[in-house]
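J.: Going by this note's numbering, the final residue of the sequence shown carries number 237, and the count climbs one at a time with no gaps. Glycine is no exception: its CB is placed at the ideal position from the N, C-alpha and C atoms. Predicted model, so just to flag it, every value in this text is computed and none were measured.
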Amino acid sequence: MNNSPAFNRCAKLAALFCLASLATALIGFAADKKEEKEPTVIDPGPPPSDAIVLFDGRDLSKWRSAKGAEAKWKLLGDGSMEVNGTGSIMTKEEFGDVQLHVEWATPKEVKGHGQERGNSGVYLQGRYEIQVLDSYENKTYFNGQAGAFYEHNAPLVNASRKPGEWQIPLSPHPAFGHPLPIRWGEGRVRGAPVSSLVGVIAKKR
33 MNNSPAFNRC
43 AKLAALFCLA
53 SLATALIGFA
63 ADKKEEKEPT
73 VIDPGPPPSD
83 AIVLFDGRDL
93 SKWRSAKGAE
103 AKWKLLGDGS
113 MEVNGTGSIM
123 TKEEFGDVQL
133 HVEWATPKEV
143 KGHGQERGNS
153 GVYLQGRYEI
163 QVLDSYENKT
173 YFNGQAGAFY
183 EHNAPLVNAS
193 RKPGEWQIPL
203 SPHPAFGHPL
213 PIRWGEGRVR
223 GAPVSSLVGV
233 IAKKR
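#1: Excluding the five sequence neighbours on either side, which residues of its own chain have a C-beta within less than 8 Å of the C-beta of LEU54, listed in chain order?
#2: Here's the rule I'm using: 16 or more other beta-carbon atoms within 10 Å means buried, otherwise exposed. How should LEU108 be labelled?
#3: Rounded to the nearest angstrom, how far is the Cβ of GLU125 from that of LYS94, given a contact under 8 Å?
#4: Determine, using beta carbons only, whether LEU92 and ALA103 come nearer to each other than 7 Å.
#5: Go ahead and pull the three-state DSSP assignment for PHE181.
#6: Among the residues of its own chain, which have a CB less than 7 Å from the CB of LYS140, if the five just before and after it don't count?
#7: For ARG96 and ILE162, what's the separation of their Cα atoms in angstroms?
#8: Any idea if VAL164 is buried or exposed, counting beta-carbon neighbours within 10 angstroms, 16 or more meaning buried?
#9: Got a sec, what are the start and stop residues for the beta strand (DSSP E) VAL164 sits in?
#10: Taking the alpha-carbon of PHE127 as reference, which of GLN157, ASN170, ARG149, ASP88 has the nearest alpha-carbon?
#11: Is there at least one non-hydrogen atom of the ligand GDP closer than 6 Å to the beta-carbon of LYS69?
#12: Suppose you measure from the CA of LEU132 to the CA of PRO187; what does that come to, to the nearest Å?
#13: Just list the residues that DSSP pairs ASN190 with in beta bridges.
#14: Can you give me the C-alpha to C-alpha distance between ALA207 and ASP110, rounded to a whole angstrom?
#15: Could you pull out every residue in the same chain whose Cβ sits closer than 6 Å to the Cβ of TRP198, ignoring the five residues on either side in sequence?
#16: Taking the CB atoms as reference points, tell me whether ASN241 and PRO71 lie closer together than 7 Å.
#17: DSSP state of GLY196, grouped into three classes?
#18: Which same chain residues, not among the five before or five after GLY146, have their C-beta less than 6 Å away from its C-beta?
#19: Let me know the secondary structure DSSP gives GLU141 once reduced to three states.
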């Protein structure tokens, strides 16, 4: 074995370099592993006053089916819609950069837990889903709560009101000239206005 001073210095430098590289790799791994936290519960406040109303509880004249035909969802006397197996619906109008404001009310009678409670969704560009869910005192995975980009990012806050009350998640997001599709998994849906104003931001780009 070579025990010369020059060899020992080279060996020590090589060992230090390896340790420094390992430490850098561990720091990089820790930085990449971002731990999501439970969103803060807040009061969402009143809805915006200026809105382009796409559904006001009276008709579906501004909506079409995903294939371009007339929207066939069933309108009920209380201003809600009932999913009837006819598929998703989309806006007839196409939008550029928008800030989307959606209001909905989940059933007052609570049934199930987690993803079983009023699970629905609003899709942007037909691909990015903003989760619609009864998230009031209802534990589920963070990126599956109301206002989340479903299974991607959790909402910044939990602004959910009690079941039966109007819920207001807000998500600024550009539509890039695409219609806004809206798909509901189950149950009934109430009017959904779209607005350029923001009250509470549930998700930031």
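T.: Checking against the coordinates, here is how it stands:
#1: Position 22 of the sequence shown, counting from 1, holds the residue named residue 54. Reliability fails at LEU54, whose pLDDT of 48 lies under 50, so the model's placement of it is uncertain and the value that follows must be treated cautiously. So no residue of the chain qualifies.
#2: For the purposes of this step, residue 108 is taken as the residue at position 76 of the sequence shown. Exposed: under 16 other Cβ atoms inside 10 Å.
#3: Within the sequence shown, residue 125 is the residue found at index 93, counting from 1. Within the sequence shown, residue 94 is the residue found at index 62, counting from 1. Right, their Cβ atoms sit about 7 Å apart.
#4: Here residue 92 refers to the residue found at position 60 of the sequence shown. Here residue 103 refers to the residue found at position 71 of the sequence shown. It is a contact, given that the beta carbons lie within the stated cut-off.
#5: As a working note, residue 181 is residue 149 in the sequence shown. PHE181 falls in the strand class under three-state DSSP.
#6: Looking up residue 140 in the sequence shown gives position 108. Once the five neighbours on either side are set aside, the close Cβ partners of LYS140 are PRO195, GLY196.
#7: Residue mapping note: residue 96 aligns to position 64 of the sequence shown, counting from 1. Residue mapping note: residue 162 aligns to position 130 of the sequence shown, counting from 1. Each residue's Cα considered, the two are about 20 Å apart.
#8: Counted from its first residue, the sequence shown places residue 164 at position 132. VAL164 should be labelled buried.
#9: Numbered from its first residue, the sequence shown carries residue 164 at position 132. Run containing VAL164: 160-164, per the beta strand (DSSP E) assignment.
#10: Position 95 of the sequence shown holds residue 127. For PHE127, the nearest C-alpha among the options comes from GLN157.
#11: Among the components modelled here there is no ligand, and therefore nothing to report on the ligand GDP.
#12: Numbered from 1 along the sequence shown, position 100 holds the residue referred to as residue 132. Numbered from 1 along the sequence shown, position 155 holds the residue referred to as residue 187. Spanning the two alpha carbons is a distance of roughly 14 Å.
#13: Working through the sequence shown from its first residue, we reach residue 190 at position 158. According to DSSP, which records beta bridges pairwise, ASN190 is partnered with VAL73.
#14: Translated into the one-based positions of the sequence shown, residue 207 becomes position 175. Translated into the one-based positions of the sequence shown, residue 110 becomes position 78. Residue placement at ALA207 is flagged as unreliable, the pLDDT there being 46, under the threshold of 50; the coordinate-derived value follows with that caveat. Computed Cα separation, rounded: 30 Å.
#15: Locating residue 198 in the sequence shown gives position 166, where the first residue counts as 1. Excluding residues within five positions, the ones whose Cβ falls inside 6 Å are GLU135, ALA137.
#16: Residue numbering for the chain in the displayed model covers 33 to 237; residue 241 lies beyond these limits and cannot be assessed.
#17: Position 164 of the sequence shown, counted from the first residue, corresponds to residue 196. Coil.
#18: The count along the sequence shown starts at 1 and reaches residue 146 at position 114. So the list reads THR172, once near-sequence residues are dropped.
#19: Counted from its first residue, the sequence shown places residue 141 at position 109. Correct three-state label for GLU141: coil.
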